[in-house]
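A.B. asks:
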Amino acid sequence: MTDKKTRNTKKKPLIKPPHPHQERKIPGTSEPPPKGLIDFRDGASWKIFRIMSEFTEGFEFLADLKKEVSFFGSARIKKNQPDYKEARKLARMLGKAGFTIITGGGPGIMEAANHGATDAGAESVGLNIQLPREQRVNPYVKHGKGFYYFFTRKVMLSASAQAYIYFPGGFGTLDELFEIITLIQTGKMMPIPIVLVGKKFWEGLFKWSRENQLTADYLSEDDYDLFSIVDTAEEAFELLKDSPERPYF
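Just so you know, our numbering puts 198 at position 141 of the sequence shown, and the rest follows in order with no gaps.
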C-alpha cells in the first residue's frame, strides 16, 4: 500500500530557471517587458561582445597588480568559525609579505581573506559575480570588479595568481580546485603552489580518490604531488612565501 505522505508527490527543481527578462524593466516603469518581446541582449552576437568585454576589462583590471594569491572556499562560513579565522590569519601574513590577496569578493572565506589583507594594509581585491539575488561585495574589498559570467570570473581568479589557496567549501570550491589541478596536470598551466588548508576535510576527499580513481588507473601517483594539504596558516605560509611570480597562462 502506498504511503500517504509519498503518494502523488512530484520532485521540485532545486533552482527555478529565471525568466530571461526577469531583471529587466520597461524604462520609466517597474513593469517587465512583454513576454513576446525579443530583446537584442538575448542574441548570440551581443553575448559574444559581452564576453569579450569581460575578458578585456578583467585583464586590464588585474594588469597592475603584483604577487597575486587567490583564495577559494565556502561563502557560508561565519566570522566565529575556525576556518574564517585561519583564512584571515593566512591572508594577513601574506599581505605583510607583500602579496596581493584576490578573492571572489563575497562572504565566508572570501571575506576572511579580504579581511586579513585589510589588516595588513595590503591590496585587497574582489572579483564578484552578478546574480539575480545579488551576492553582496564584502566590506573588506578595496578594489572590486563585477562579472556576469562565471567562466570569465573564474579565468580572472586564476589567470595570474602565483599560488592558490583552498579552504573547505562546496561544489563551487571543488569545481575551481579541480579545474586548476587539471590545467597543470595536462600541461596547460605551469606548475605553481596549490595549498589546501584543513586536513580533516581534504584528506577524506583524496582518500576516496586514491581508493577509487588511483586503483582504477584513472590517476597516477604523481598527480597527488600537484598540491599540498596543511592544517594551519603557518604551514601554508611556509609553502607560499617564496613562490615566484608568473605571467598570465
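Don't be surprised by glycine CBs; every beta carbon is placed ideally from N, CA and C.
From Glu111 to Arg210, what does the alpha carbon distance come to, in whole angstroms?
C.D. replies: 8 Å
A.B. asks: Would you mind listing the beta strand (DSSP E) stretches within the stretch 154–187 that are 3+ residues and don't spill past its ends, in chain order?
C.D. replies: 157–160, 181–186
A.B. asks: Taking 8 Å as the cut-off, does the stretch 281–300 touch the stretch 197–209 (at least 3 CB pairs, one atom from each stretch)?
C.D. replies: Segments in contact, no.
A.B. asks: Does the stretch 262–272 come close enough to the stretch 123–130 to have 3 or more Cβ pairs within less than 8 Å?
C.D. replies: no
A.B. asks: Taking the beta strand (DSSP E) that Ser127 belongs to, which residues open and close that run?
C.D. replies: 125–129
A.B. asks: In terms of residue numbering, what span does the beta strand (DSSP E) encompassing Lys256 cover?
C.D. replies: Per DSSP, Lys256 belongs to no beta strand (DSSP E); it is in the alpha helix (DSSP H), 256–266.
A.B. asks: What's the gap between the Cα of Met167 and the Cα of Leu283?
C.D. replies: 23 Å
A.B. asks: Which residues in the same chain have their Cβ closer than 6 Å to the Cβ of Ile159, if we skip the five residues on either side of it in sequence?
C.D. replies: Glu125, Ser127, Val182
A.B. asks: Output needed for Ser285: all residues of its chain with C-beta closer than 6 Å, excluding positions within five of it in sequence on either side, in chain order.
C.D. replies: Residues Val252, Leu296 of the same chain have their beta carbon placed closer than 6 Å to that of Ser285, with the five preceding and five following residues left out of the count.
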